[in-house]
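Trainee:
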Amino acid sequence: MDKKKMNVLFITHADKKGGAEQSLIHLINYLDTSQYRIFLLSPGNAEYLNEIRTEYEHFPLRLNSIKKKLGFGYLETVFRIRAFVNKNQIDIIHANGWRAPWYAAPLKFLTHCTLVWHHRDYTHLRMFNKVLPRFFDQVICISHFVANSIQGSNKTIIYNGVDPELALTMKSRSFMEDDTLVMGTFGRIVEWKRYHLVIEAVKKLADNNIYNWKLLIVGDTSVDGSEDYYNAMVQKVSEYGLEHNVIFYGYSTKPLDLMKECDLTINFSLNEPFGRVIIESLLVQTPVIVSDSGGAPEIIHQAGGGFIVKDGDVDELYQTIQRVYYKAVDHQELSNQGYTSVMKDFNMSTIARKVEHTYKWLLEKKLKSEVL
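Its first residue numbered 373, the sequence shown is counted upward by one per residue in this note's numbering.
(1) Does the pairing of the region 506 to 520 with the region 595 to 603 give three or more beta-carbon distances under 8 angstroms?
(2) For residue 687, is the beta carbon positioned less than 7 angstroms from some heavy atom of the ligand SAH?
(3) Output needed for residue 490: all residues of its chain with C-beta closer than 6 angstroms, excluding positions within five of it in sequence on either side, in chain order.
(4) To which residues does DSSP link residue 719 through a beta bridge?
(5) Under three-state DSSP, which class holds residue 626?
(6) Which residues in the same chain as residue 478 place their Cβ atom closer than 6 angstroms to its Cβ, once the five residues preceding and following it in sequence are excluded?
(7) Once DSSP output is grouped into helix, strand and coil, what is the label at residue 382?
(8) What are the complete alpha helix (DSSP H) segments, minimum 4 residues, inside the region 567 to 625?
(9) How would you call residue 583, buried or exposed, if buried means at least 16 neighbouring beta carbons within 10 angstroms?
(10) Nearest CA to the CA of residue 409: which residue from 739, 736, 731, 738?
(11) For the region 705 to 719 against the region 376 to 394, do three or more pairs of beta-carbon atoms, one drawn from each stretch, fall closer than 8 angstroms, so that the two count as touching?
(12) Between 727, 740, 704, 723, which lies nearest to residue 543 when the distance is taken from Cα to Cα?
(13) From what residue to what residue does the beta strand (DSSP E) around residue 486 run?
(14) What residue range is occupied by the uninterrupted beta strand (DSSP E) comprising residue 409?
(15) Cβ atoms of residue 638 and residue 554: under 8 angstroms apart, would you say?
(16) On the premise that residue 658 lies in contact with residue 636, defined as a C-beta separation below 8 angstroms, what is that separation, rounded to the nearest angstrom?
(17) Please state whether DSSP places residue 510 in a helix, a strand or coil.
(18) Can you find the residues in the same chain that come closer than 8 angstroms, C-beta to C-beta, to residue 726, ignoring five residues on each side of it along the sequence?
(19) Could you give the residue range of the alpha helix (DSSP H) that holds residue 445?
(20) Could you check how far apart the C-beta atoms of residue 381 and residue 457 are, in whole angstroms? I think they sit under 8 angstroms.
(21) Evaluate the contact criterion for the region 611 to 626 versus the region 643 to 651: three or more CB pairs, one atom per stretch, below 8 angstroms.
(22) For residue 659, list the residues DSSP reports as bridge partners.
(23) Is the beta carbon of residue 482 less than 8 angstroms from the beta carbon of residue 452?
(24) With DSSP run on the structure shown, which of helix, strand or coil describes residue 542?
(25) DSSP state of residue 745, grouped into three classes?
(26) Taking the C-alpha atoms as reference points, what is the distance between residue 496 and residue 521?
(27) Could you tell me the alpha carbon to alpha carbon distance between residue 389 and residue 643, rounded to whole angstroms?
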């Protein structure tokens, strides 16, 4: 095998596409293939494989739940990965998300690879925050919020990025076209996303006899199995008589197209590790309201293009929506500011170069230690 290139094996467990997988796809698409040969371990039927535009070799393998498969099944999978790593002379193992690192960690003792963990989640669990990072040469954290949750000096912060090719067609809808404020929330339907609080905030519009607005709730329960939460929201909207204003859109394969049709998007999550939908919304020139929780406010502090409201404060969320509705803010200026900043600071080309710099630094460091 031609070793002029570094061989990188990405490992992910998911077969459905969430934010972590979308970020991984963007990274793979923007790595410099003149320097890196790309391998991907994922389920064979992963629904997002057709979105990978660059050349890569697929290693179809399902990573089962650690809780269910810890034992011989787990060890068998680890040794299968080791065999693949040795056969293909892998230099860097890059574990993505929260399950993959548990399968990558033992390879610290079974291979000579450099191990990287792309940490995209937030948890209070000691095993994630104190134990698991010790097995990796570097932990890439997607926000300061995530980085502050784990111990050790072997961590760096690289934000998620947007694919600029997704912004080739700009927003066609003018602000409050047809005198209607269109708002959107995007992401899987799960309670910590706090869509129920967004519903309470827009209800205050109706309480003040404002009905020329719509809220699109884009997402479904397929990942988290949170049907009870979803059904409770549907019932609440019905009780409020807002069925014509609050639209449960379901899952969309093209969420950015829907964001372009919105005047405003809202991310009111509790302890959002980053908030990919925030930078995607800014990419399509739609301002964002975020809760002052988790990594989301870091994006607005750096990129602008939106509002940060007190964590969980429904009344402040309502007041901010009301300011946009009454055109008390310069919507066009916000749109331009967010787009310009996200194309500069969150451009996937820039983000990929930062990851590559991390690879090179780790490999040079390893080479020096071997010489010594």
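Where a beta carbon is used, it is the ideal one built from N, C-alpha and C, also for glycine.
Mentor: Taking the geometry as given:
(1) no
(2) Judged by which ligands are present, the structure shown has none, so any question about the ligand SAH falls away.
(3) 468, 512
(4) 534
(5) coil
(6) 450
(7) strand
(8) 567 to 579, 599 to 612
(9) exposed
(10) 731
(11) no
(12) 704
(13) 486 to 491
(14) 408 to 414
(15) no
(16) 7 angstroms
(17) strand
(18) 530
(19) 444 to 459
(20) 6 angstroms
(21) no
(22) None, per the DSSP bridge assignment.
(23) no
(24) coil
(25) The question about residue 745 has no answer, for the chain in this structure spans 373 to 744.
(26) 8 angstroms
(27) 21 angstroms
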